[in-house]
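Trainee:
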Amino acid sequence: MQYISTRGGGEPLSYCEALIEGLARDGGLAVPRTMPEVDAATLEGWRDLTYPELAAEVLGLFATDIPRDDLARMTADAYAAFPADVVPLRPIGDGITLVGLSEGPTLAFKDMAMQFLGQVLEYALERTGDVLNVLGATSGDTGSAAEHALRGKDRISVFMLSPLGRMSAFQRAQMFSLDDENIHNIAIDGVFDDCQNLVKRLAGDLEFKHAHRLGAVNSINLARITAQVVYYFWAWLRATDETGSAELSVTVPSGNFGNILSGFYAKQMGLPIRRLVLATNENNVLDEFFRTGVYRPRVAAETLATSSPSMDISKASNLERFIFELFERDASRVVSAWAELDAQGFFDAVPDQPRLSEEFGFASGTSTHADRLETIRSVHAASGDLIDPHTADGVKVAREHLEAGVPMLVLETAKPEKFAETIREALGIELQYPPEVRDMLDAPQHVTEMPDDADALRAFITASALS
Ligand SMILES: *Cc1c(COP(=O)(O)O)cnc(C)c1O
Numbered sequence: 001m002q003y004i005s006t007r008g009g010g011e012p013l014s015y016c017e018a019l020i021e022g023l024a025r026d027g028g029l030a031v032p033r034t035m036p037e038v039d040a041a042t043l044e045g046w047r048d049l050t051y052p053e054l055a056a057e058v059l060g061l062f063a064t065d066i067p068r069d070d071l072a073r074m075t076a077d078a079y080a081a082f083p084a085d086v087v088p089l090r091p092i093g094d095g096i097t098l099v100g101l102s103e104g105p106t107l108a109f110k111d112m113a114m115q116f117l118g119q120v121l122e123y124a125l126e127r128t129g130d131v132l133n134v135l136g137a138t139s140g141d142t143g144s145a146a147e148h149a150l151r152g153k154d155r156i157s158v159f160m161l162s163p164l165g166r167m168s169a170f171q172r173a174q175m176f177s178l179d180d181e182n183i184h185n186i187a188i189d190g191v192f193d194d195c196q197n198l199v200k201r202l203a204g205d206l207e208f209k210h211a212h213r214l215g216a217v218n219s220i221n222l223a224r225i226t227a228q229v230v231y232y233f234w235a236w237l238r239a240t241d242e243t244g245s246a247e248l249s250v251t252v253p254s255g256n257f258g259n260i261l262s263g264f265y266a267k268q269m270g271l272p273i274r275r276l277v278l279a280t281n282e283n284n285v286l287d288e289f290f291r292t293g294v295y296r297p298r299v300a301a302e303t304l305a306t307s308s309p310s311m312d313i314s315k316a317s318n319l320e321r322f323i324f325e326l327f328e329r330d331a332s333r334v335v336s337a338w339a340e341l342d343a344q345g346f347f348d349a350v351p352d353q354p355r356l357s358e359e360f361g362f363a364s365g366t367s368t369h370a371d372r373l374e375t376i377r378s379v380h381a382a383s384g385d386l387i388d389p390h391t392a393d394g395v396k397v398a399r400e401h402l403e404a405g406v407p408m409l410v411l412e413t414a415k416p417e418k419f420a421e422t423i424r425e426a427l428g429i430e431l432q433y434p435p436e437v438r439d440m441l442d443a444p445q446h447v448t449e450m451p452d453d454a455d456a457l458r459a460f461i462t463a464s465a466l467s
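In this note's numbering, the protein residues as written are 1 to 467.
1) Using a Cβ-Cβ cutoff of less than 6 Å, which residues in the same chain neighbour residue 257 once the five nearest sequence positions on both sides are dropped?
2) Considering only their Cβ atoms, is the gap separating residue 101 from residue 87 smaller than 8 Å?
3) Expressed to the nearest angstrom, what Euclidean distance is found between the alpha-carbon atoms of residue 25 and residue 2?
4) Could you check if residue 183 is buried or exposed, using at least 16 other CB atoms within 10 Å of its CB as the buried criterion?
5) On the premise that residue 49 lies in contact with residue 57, defined as a C-beta separation below 8 Å, what is that separation, rounded to the nearest angstrom?
6) Comparing alpha-carbon positions, which option in 444, 154, 373, 260 lies nearest residue 225?
7) Name, in chain order, the residues that DSSP records as bridge partners for residue 5.
8) Here's the rule: buried if 16 or more other CB atoms are within 10 angstroms of the residue's CB, otherwise exposed. What is residue 390?
9) Output needed for residue 72: all residues of its chain with C-beta closer than 8 Å, excluding positions within five of it in sequence on either side, in chain order.
10) Would you mind stating whether residue 31 and residue 327 have Cβ atoms separated by less than 8 Å?
11) Could you tell me whether the stretch 392 to 399 touches the stretch 274 to 282, where touching means 3 or more Cβ pairs closer than 8 Å?
12) Using the rule of at least 16 other Cβ atoms within 10 Å of the residue's Cβ for burial, across every protein chain shown, is residue 115 buried or exposed?
13) Buried or exposed: where does residue 350 fall if 16 or more other Cβ atoms within 10 Å of its Cβ makes it buried?
14) What span of residues does the beta strand (DSSP E) with residue 435 cover, start to end?
15) Is the Cβ-Cβ distance between residue 122 and residue 156 less than 8 Å?
16) Cα separation between residue 375 and residue 140?
17) Rounded to whole angstroms, what's the CA-CA distance from residue 459 to residue 200? Just pull it up for me.
18) In three-state terms, what does DSSP make of residue 305?
19) Hey, residue 362 and residue 356 are a contact pair by Cβ (cut 8 Å); roughly how many whole angstroms apart?
20) Let me check one thing: in DSSP terms, what residues is residue 464 bridge-paired to?
21) For ligand 1, is there a heavy atom less than 7 Å away from the beta-carbon of residue 413?
22) Is the stretch 286 to 293 touching the stretch 443 to 453 in the sense that three or more CB pairs, one from each, lie closer than 8 Å?
23) When DSSP labels each residue in this structure, what does residue 253 get in the three-state scheme?
24) My parser needs the alpha helix (DSSP H) runs of 4 or more residues fully inside the stretch 243 to 293; what are they?
25) In angstroms with no decimal places, state the Cα-to-Cα distance between residue 340 and residue 332.
26) Any heavy atom of ligand 1 inside 7 Å of the beta-carbon of residue 314?
27) If residue 177 and residue 445 are in contact, beta carbons under 8 Å, what's the gap, nearest whole angstrom?
28) Hey, quick one: how far does the alpha helix (DSSP H) through residue 208 stretch, first residue to last?
29) Looking only at its own chain, which residues have a Cβ that is under 7 Å from the Cβ of residue 145, when we skip the five neighbours before and after it?
30) If residue 164 sits next to residue 187, beta carbons under 8 Å apart, how far is it from one beta carbon to the other, in whole angstroms?
31) Which word fits residue 228, buried or exposed, when buried means at least 16 other C-beta atoms lie within 10 angstroms of its C-beta?
32) The alpha helix (DSSP H) spanning residue 346 covers which residue range?
33) Expressed to the nearest angstrom, what Euclidean distance is found between the alpha-carbon atoms of residue 402 and residue 273?
34) Verify the contact flag: residue 260, CB atom, against every heavy atom of ligand 1, threshold strictly below 7 Å.
35) Tell me the DSSP secondary structure of residue 297 in three-state form.
36) Using 8 Å as the threshold, is the C-beta distance between residue 167 and residue 185 below it?
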């Protein structure tokens, strides 16, 4: 399988090449040249596989440049840090089943893909004899998932910027308690956007970038997108086992359009998914796009800080991969849509809007803070289950799209323990942390504080980067 750019430029790349490359050379995103297909018999044959075995099958369709035995070893290692039931399903009533994607080390769904990325990135670097210094900015979840996946790797080091004093105590502890030599936590005296801008400045300085082998593991990373495809297959196999229904719908709490894009890929590959329901919080640019066909990203200053913070995104970096399919893989239409957006602040796919639902099966909805609290309460009252605010956004929107006889899955994107304040506000209870989490919260913290200054950051990276 080769990977081409959504903007039509550059040479096709292999999976491992695309993975190290990050953004395609023409500024587009790497997509499979043709979508792999899975027929009904193959799908049935996968019913008895364990999660890592299924992951090796599905990822093997994308990473054809990696021998199957190597892939199987990597998926086994990636999911060894999870409980035996890597992705448990639990019904919560009304025909809704939660898909537990948050059993990994940082209690959020990003571990599912990041743990595999850690394996495959080290593997790809070993092949070429290269090293990579990962430079990223985080407001909490992505940084911790990346650090837990990349800690202790020989060929990778991590420089993760976060806004000083602006993460929750839990998020700080998850990152700063790590004392691995290859993990560098840098707290910037500024807000998340300042961190992001520093990353852009250094990554945009091509000489510095190449000299210090800087790279990224952000949500456009191909390994992350493909690793996320796996759990749609897993959830479908488990849910159809239990309900006897061959078709189901899936609701996905969304921000950067990474998770639900993987669901869309699974559907394109032949997995019988009826509806893909996209749930947003108050930052609802994507809901607007799917309802109206107009995509109007907002600037950072218009992005609201909500109680489902990992979805506080107003510009969805992975949407370009979907637009490419919407425009029938015509890269020139992708390029002109972005030009339109640059010129007038939005692009208009209104004539294509009916296809979003009819051809691609998308539906969408928005949830608010009051909705999250009410949903956390009603799920708790009905089933005794505790759900986190992001999953609550999903359940709220899922309830608006239930169809008789069609089971609805909702992806659980984080554990409630990560967002204890909102649980307290909704239910008036204090969550009890398990002993390993209490140990983490009490552990000594490792972090370097730095002014919002690109030269200071350059000097720090120059002194500590792998070469
Ligand atoms: C990252 C994240 C999301 C959004 O996922 P995307 O792939 O960016 O759409 C939702 N919920 C949680 C808890 C997250 O960490």
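Beta carbons: idealized from backbone N, C-alpha and C, even for Gly.
Mentor: By the coordinates alone:
1) 316, 318, 319, listed in sequence order.
2) Annotated as proximal: residue 87 and residue 101, with beta-carbon spacing under 8 Å.
3) Taking the straight line from one Cα to the other gives about 15 Å.
4) Residue 183 is buried by the Cβ-count criterion.
5) 7 Å
6) 260
7) Per DSSP, 30.
8) buried
9) 52, 53, 56
10) no
11) yes
12) Result: buried.
13) Counting Cβ neighbours within 10 Å, residue 350 comes out exposed, since fewer than 16 surround it.
14) Where residue 435 is concerned, there is no enclosing beta strand (DSSP E), although the alpha helix (DSSP H) it sits in stretches over 435 to 442.
15) yes
16) For residue 375 and residue 140, the distance between alpha carbons rounds to 24 Å.
17) The alpha-carbon atoms of residue 459 and residue 200 are separated by roughly 16 Å.
18) coil
19) 5 Å
20) BP columns for residue 464 are empty, so no partner.
21) yes
22) no
23) Correct three-state label for residue 253: strand.
24) 259 to 268, 285 to 292
25) 12 Å
26) Proximity of the beta carbon of residue 314 to ligand 1 is not indicated: no heavy atom of the ligand is located closer than 7 Å.
27) 6 Å
28) 206 to 211
29) 106, 108, 110, 111, 114
30) With 8 Å as the limit, residue 164 and residue 187 qualify as a contact, their Cβ atoms being about 4 Å apart.
31) buried
32) Counting along the chain, residue 346 falls outside any alpha helix (DSSP H), and DSSP gives it neither H nor E.
33) 14 Å
34) Under cutoff, so the answer is yes.
35) Per DSSP, reduced to three states, the secondary structure at residue 297 is coil, with no helix or strand assignment.
36) No.
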